[in-house]
Amino acid sequence: MRIAMPIAQGQLCMHFGHCEEFAFFDVEDGQIKGKQMLTPPPHAPGVIPQWVHEQGATMV
(Lines of atoms letter the chains of each structure in order from A and count residues from 1; the text may use other names and numbers.)
(Lines give C-alpha, C1' and ligand atoms only; values in the text may rest on other atoms or scores of the structure.)
Protein backbone atom coordinates (compact mmCIF):
# COMPACT_ATOMS: atom_id res chain seq x y z
CA MET A 1 0.00 0.00 0.00
CA ARG A 2 1.21 3.54 -0.75
CA ILE A 3 -0.13 6.33 1.44
CA ALA A 4 0.03 10.01 0.45
CA MET A 5 0.10 12.70 3.12
CA PRO A 6 -0.16 16.40 2.16
CA ILE A 7 2.31 18.56 4.12
CA ALA A 8 2.53 22.32 4.77
CA GLN A 9 5.07 23.90 7.13
CA GLY A 10 6.11 20.44 8.27
CA GLN A 11 2.61 19.41 9.35
CA LEU A 12 -0.38 17.59 7.93
CA CYS A 13 -2.28 19.92 5.60
CA MET A 14 -6.03 19.55 5.18
CA HIS A 15 -6.22 21.26 1.75
CA PHE A 16 -4.36 19.84 -1.26
CA GLY A 17 -4.04 23.27 -2.85
CA HIS A 18 -2.24 24.69 0.18
CA CYS A 19 0.32 21.92 0.67
CA GLU A 20 4.00 22.46 -0.11
CA GLU A 21 4.85 18.81 -0.54
CA PHE A 22 3.51 15.30 -0.19
CA ALA A 23 5.01 12.51 1.87
CA PHE A 24 4.46 9.10 0.28
CA PHE A 25 4.80 6.10 2.57
CA ASP A 26 5.18 2.55 1.27
CA VAL A 27 3.61 0.18 3.80
CA GLU A 28 3.83 -3.62 3.86
CA ASP A 29 2.52 -5.88 6.61
CA GLY A 30 1.82 -2.85 8.82
CA GLN A 31 5.42 -1.61 8.56
CA ILE A 32 6.68 1.51 6.78
CA LYS A 33 9.16 0.23 4.19
CA GLY A 34 9.92 3.52 2.44
CA LYS A 35 9.24 7.24 2.39
CA GLN A 36 9.45 9.72 -0.47
CA MET A 37 8.91 13.50 -0.33
CA LEU A 38 7.66 15.10 -3.56
CA THR A 39 6.62 18.61 -4.58
CA PRO A 40 3.16 18.61 -6.18
CA PRO A 41 2.35 20.34 -9.47
CA PRO A 42 0.76 23.82 -9.40
CA HIS A 43 -2.77 23.85 -8.00
CA ALA A 44 -5.61 23.62 -10.51
CA PRO A 45 -8.95 21.78 -10.30
CA GLY A 46 -8.39 18.01 -10.44
CA VAL A 47 -4.63 18.21 -11.09
CA ILE A 48 -3.31 17.23 -7.66
CA PRO A 49 -5.63 14.24 -7.10
CA GLN A 50 -4.62 12.90 -10.52
CA TRP A 51 -0.93 13.48 -9.73
CA VAL A 52 -1.27 11.67 -6.37
CA HIS A 53 -2.87 8.73 -8.20
CA GLU A 54 -0.05 8.72 -10.77
CA GLN A 55 2.46 8.46 -7.90
CA GLY A 56 0.83 5.13 -6.99
CA ALA A 57 -0.97 6.23 -3.83
CA THR A 58 -3.84 3.99 -2.79
CA MET A 59 -4.79 6.02 0.29
CA VAL A 60 -4.61 9.69 1.34
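In my numbering, the protein residues as written are 63 to 122. Here a beta-carbon is modelled for each residue, glycine too, at the ideal position from N, C-alpha and C. Please read these numbers as outputs of a predicted model, since none were measured by experiment.
Count the other CB atoms within 10 Å of the CB of residue 106; is the residue buried (16 or more) or exposed (fewer)?
Sixteen is the threshold: since fewer than 16 other Cβ atoms of the shown chains lie within 10 Å of the Cβ of residue 106, the residue is exposed.
For residue 68, report the span of its beta strand (DSSP E) as first-last.
DSSP places residue 68 inside the beta strand (DSSP E), whose first and last residues are 64 to 70.
Counting along the chain, where does the alpha helix (DSSP H) carrying residue 112 start and finish?
First-last of the alpha helix (DSSP H) with residue 112: 109 to 116.
Measuring straight from C-alpha to C-alpha, what distance separates residue 111 and residue 93?
Distance between the alpha carbons of residue 111 and residue 93: 25 Å.
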